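Participant: Just add 10 to wherever you are in the sequence shown, counting from 1, and you've got this note's numbering. From the three backbone atoms N, C-alpha and C, an ideal C-beta is built for every residue, glycine too. Please read all numbers here as calculations on a predicted model, not as lab measurements.
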Amino acid sequence: MHPLGSPYVRDQLAQRCARVNEMRLVPEGELVLYLMQSTQRIHENWALRYATLEADRLNRPLLILHELDCEGEHASDRTHTFAIQGAQDVARAADAAGYTFRFILRRRKIERSRALERAVGRACVVVTDSCPTGGVAERTARLAASAPCRVVAVDSVGVIPAAMIPREEYAARTIRPKLAKLRDISLEPVADRPPRRDFPLALLAALEIDALDLSRVDVAAEVARCEIDHDVPAVPVRGGTRAGRAR
Numbered sequence: 011m012h013p014l015g016s017p018y019v020r021d022q023l024a025q026r027c028a029r030v031n032e033m034r035l036v037p038e039g040e041l042v043l044y045l046m047q048s049t050q051r052i053h054e055n056w057a058l059r060y061a062t063l064e065a066d067r068l069n070r071p072l073l074i075l076h077e078l079d080c081e082g083e084h085a086s087d088r089t090h091t092f093a094i095q096g097a098q099d100v101a102r103a104a105d106a107a108g109y110t111f112r113f114i115l116r117r118r119k120i121e122r123s124r125a126l127e128r129a130v131g132r133a134c135v136v137v138t139d140s141c142p143t144g145g146v147a148e149r150t151a152r153l154a155a156s157a158p159c160r161v162v163a164v165d166s167v168g169v170i171p172a173a174m175i176p177r178e179e180y181a182a183r184t185i186r187p188k189l190a191k192l193r194d195i196s197l198e199p200v201a202d203r204p205p206r207r208d209f210p211l212a213l214l215a216a217l218e219i220d221a222l223d224l225s226r227v228d229v230a231a232e233v234a235r236c237e238i239d240h241d242v243p244a245v246p247v248r249g250g251t252r253a254g255r256a257r
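Here you go:
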């Protein structure tokens, strides 16, 4: 199993990381921020691995922020319920592994993410996910345009980094042999660990993050408060209950 700082991990990250603005790293910043978007997991998360290495290199604590807004084209009772339940799983995994994770629910379409703005403003560097779909690239571009520090997007979408397939492929018969050659090396295990520095409680308080308490949240009630499509039929959820408002 490869240690987090091993040549294997560095080589993988070299294929997966891309700067998305021209801002410098801010050495006087107070934290490293990982804005979790599409890679909503703690395990096998290359963006989280890169953020952890940056936090250790800069001797700064690492904060993981994940936001759910109401602006998605398909935002509805169903998708919000699924997303919040997924965030509960991520929160448990982050706590068990020793990471500082906060989930923000933006209930109105015009609501600004002031907590995210404060975290970005205090960051040495911002790390986020690279994904070609779901509006991730557009959100990342907006973040990069306003951030006062370097923003790095990390490809953790697939087992094999997209950069290792340099030309567009249109047929399974041509891409499958290439993927087969790269599969095993891309699947080598990595010994994940949290950053060396714990996140100071005073700094966390100063960020004033209005995070959702995922351990106690009434998912259906929170979803009902969001400015989303409530006409989407509800679906069964954990515990045999139904979320949202079927009409």
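What ranges does the alpha helix (DSSP H) occupy inside the region 36 to 92, keeping only unbroken runs of at least 4 residues that lie completely in it?
Facilitator: Fully enclosed alpha helix (DSSP H) runs of 4 or longer: 56 to 68.
Participant: Alpha carbons only, please: which of V164, R124, H90, T110 is nearest the one belonging to R20?
Facilitator: Among V164, R124, H90, T110, the Cα nearest to that of R20 is on V164.
Participant: Taking all protein chains shown into account, decide if G168 is buried (16 or more other Cβ within 10 angstroms of its Cβ) or exposed.
Facilitator: Burial call: exposed.
Participant: Quick check on this structure: which residue in P158, C236, Q22 has the alpha carbon closest to the alpha carbon of R34?
Facilitator: Among P158, C236, Q22, the Cα nearest to that of R34 belongs to P158.
Participant: Using the DSSP secondary-structure output, state which residues sit across from F113 in a beta bridge.
Facilitator: BP columns for F113 point to H76.
Participant: Going by DSSP, what residue range makes up the alpha helix (DSSP H) through V162?
Facilitator: Where V162 is concerned, there is no enclosing alpha helix (DSSP H), although the beta strand (DSSP E) it sits in stretches over 160 to 165.
Participant: Rounded to whole angstroms, what's the CA-CA distance from R149 to T138? Just pull it up for me.
Facilitator: Going by the C-alpha atoms only, they are around 10 Å apart.
Participant: How do the region 26 to 42 and the region 112 to 126 stand: do at least 3 beta-carbon pairs fall below 8 Å, yes or no?
Facilitator: Segments in contact, no.
Participant: Does the separation of the CB atoms of I170 and L189 fall below 7 Å?
Facilitator: Taking 7 Å as the Cβ cut-off, I170 and L189 qualify as a contacting pair.
Participant: Exposed or buried, what is S48 when buried is set at 16 or more other beta-carbons lying within 10 Å of its beta-carbon?
Facilitator: Buried, since its Cβ has 16 or more Cβ neighbours within 10 Å.
Participant: Which of the three DSSP states is assigned to D105 in this structure?
Facilitator: Helix.
Participant: Between which residues of its own chain and T251 is the CB-CB distance below 8 Å, once the five residues before and five after are set aside?
Facilitator: Because T251 carries a pLDDT of 44, less than 50, the predicted location of this residue cannot be relied on, and no value is offered for it.
Participant: Do A129 and L43 count as a contact pair if the criterion is CB distance below 7 Å?
Facilitator: Contact: yes.
Participant: Count the other C-beta atoms from every protein chain shown that fall within 10 angstroms of the C-beta of R257, then say buried if there are 16 or more, exposed otherwise.
Facilitator: Its pLDDT being 30, under 50, R257 is placed unreliably in this model, and the coordinates cannot settle the point.
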